[in-house]
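One point on numbering: in the UniProt record's numbering, the residue at position 139 of the sequence shown is 139, and numbering is uninterrupted. Even for Gly, the Cβ is constructed at its ideal location relative to N, Cα and C. All of these numbers come straight from a predicted model, not from anything done at the bench. Read through the structure below, which is laid out as structure tokens, and then see the notes.
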Amino acid sequence: MHVKKITIRNFKSFGKKVEIPLERGFTVISGPNGSGKSNIIDAILFCLGLHSSSKVLRAEKLTDLVFSGNGKRSDSAEVELVFQTDGDELVISRKIKVTDRNYYSHYYINGKPASHGEVVKILEKHGIFSDAYNVVMQGDVTRIVEMTPVQRRKIIDDIAGISEFEEKKAKAIEE
Ligand code: ATP
Ligand code: MG
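Below, the structure is given as structure tokens:
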């Protein structure tokens, strides 16, 4: 499965609709500092709900993700991801709407409203687990280099799917 297209509307620095087509394989996004490269990654994490808090998306609160610039502030932001799976297209999107005193966040799977749990489930079905290293953030590389070998081994075990069996083994021995 690969991401075929990212559509961003009023998310962070993207004050209008931006469509980013992606080819299969390796993609590099380049640009000057502050031009919005990392915001594209934040958009992906936001759309899939792969963030434990808004801090992961470098925002104080979720509503700070909505575009605000040139004296204009949008009242909603939206990110849509089109995945190419084995045979089909899978479209996941998330919209955040800001009202005077509150905000609403909605997920959609193939255009139909869905819960975050349903998004998590469909991603897991395609091998994307929320606690795995799907995204290596700026600073992560330095952190990984500075870890102890045992901590680093734990990450490799997680990626390789060994941790799951280690946990089962420990449980079985206990019993
Ligand atoms: P670097 O090369 O330094 O890593 P980058 O290309 O990754 O830069 P980003 O971090 O993606 O840049 O973008 C930062 C910019 O996004 C800042 O200029 C910031 O003001 C802008 N930004 C963040 N949130 C919003 C928002 N809600 N509305 C408008 N602009 C925003
Ligand atoms: Mg960056």
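Let me check you understand the geometry: is the CB of residue i closer than 6 Å to at least one non-hydrogen atom of the ligand MG?
i   : result
K37 : yes
Candidates the options: which alpha carbon is nearest residue i's?
i    : options                   : result
G161 : R143, V141, G139 and D131 : D131
V28  : S93, I40, K72 and A114    : I40
V82  : D75, L62 and L90          : L90
S74  : T63, S105 and E80         : T63
I128 : G87, L48 and F26          : L48
I122 : N70, Y107 and S76         : Y107
K4   : F11, G25 and F165         : G25
G69  : R143, D140 and S13        : S13
Excluding sequence positions up to five away, which residues of its chain have a Cβ less than 8 Å from the Cβ of residue i?
i    : result
L57  : D42, L45, F46, H51 and L65
K72  : G15
Y103 : L62, T63, I96 and K97
D158 : D131, A132 and Y133
Is residue i buried or exposed, if buried means 16 or more other CB atoms sit within 10 Å of its CB?
i           : result
I173        : exposed
residue 178 : What is shown of the chain runs 1 to 175, which leaves residue 178 out entirely.
E23         : exposed
In the DSSP output, which residue or residues are listed as bridge partners for residue i?
i    : result
E89  : Q84
E19  : T7
H106 : K95
K112 : I109
Beta-carbon within less than 6 Å of residue i's beta-carbon, same chain only, minus the 5 sequence neighbours each way: which residues are those?
i   : result
E78 : R9 and K95
I20 : I6
At a cut-off of 6 Å, is residue i close to the ligand ATP when judged by its beta-carbon and the heavy atoms of the ligand?
i   : result
S74 : no
F14 : no
S68 : yes
N10 : no
Would the beta-carbon of residue i be found less than 6 Å away from any heavy atom of the ligand SAH?
i    : result
G161 : The ligand SAH is absent from the structure shown, which contains only the ligand ATP and the ligand MG.
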